[in-house]
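This report refers to the structure that appears directly beneath it.
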Amino acid sequence: MATPQRLETVRRMQVAMATAYSTMGAWCLVHPSSVMALGFTPAYAAICNSTTSLMMRCFGAQAMTCGLVLGTCDMTPFSFTAFGLAMVPYIGWNYWFSGIGPARGVITKLMWMDFFGNVFFGLGSLYCAKLLREQQDEDMKQDAIAKEE
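First residue of the sequence shown: 15, per the numbering used here; consecutive thereafter.
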């Protein structure tokens, strides 16, 4: 992949992840009851009250902050790798509370979208880190060639 294409791919993936984080966070912040009704099984959605609503709004505010930071920072291979690896606990949460894990019956099947989103964030971040590392390697080779001439 040529250099401009590589950097454009990284930027587009970064913007997509930032937009997704910010959008889903805004939904949790603005309308937490709908998120809880869609995401949790009736037994758990029924216990939603002002405290759980506040916690969902806090979660949404944090997600929006993460999206803002992700969308405005110049990410390095290290930061993309760290962000990608930070998705592992979320993937574990999806597994644990889904219909498969030991705490099954807490979240609805619709929450599998969250699982796939977290996998996209994790693998997408690692892919972006790889592209940026390749870019850095190419730049170093070009600098070495320029110094020899």
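Beta carbons: idealized from backbone N, C-alpha and C, even for Gly.
DSSP places Ile-159 in the helix class (H, G or I) of the three-state scheme. Nearest in C-alpha terms to Met-127, of all of Cys-142, Asn-108 and Ser-139, is Asn-108.
With fewer than 16 other Cβ atoms inside 10 Å of its own Cβ, Gln-150 counts as exposed. Using a Cβ distance threshold of 8 Å, Thr-33 and Gly-98 do not count as a contacting pair. Separation of Ala-158 and Pro-18 (C-alpha to C-alpha, rounded to the nearest whole angstrom) is 20 Å. Out of Val-24, Arg-20 and Ala-30, the CA that lies nearest to the CA of Gly-131 is found in Ala-30.
Ranked by Cα distance from Phe-92, the options Val-102, Gln-76, Tyr-141 and Trp-41 are led by Tyr-141.
Beta-bridge analysis with DSSP links Ile-121 to Phe-54. The beta carbon of Ala-59 sits closer than 7 Å to those of Met-50 and Ala-51, all from its chain and outside the five residues before and after it, given in chain order.
Counting only runs of at least 4 residues, the region 53-85 fully encloses the following alpha helix (DSSP H) elements, listed from N- to C-terminal order: 56-59.
The shortest CA-to-CA distance from Leu-84 to any of Glu-163, Lys-161, Val-24 and Asp-153 is the one to Val-24. Under the criterion of beta carbons closer than 8 Å, Ala-77 and Met-38 qualify as touching, at roughly 6 Å. Cβ neighbours of Ser-48 within its own chain (closer than 8 Å, five residues either side excluded): Trp-41.
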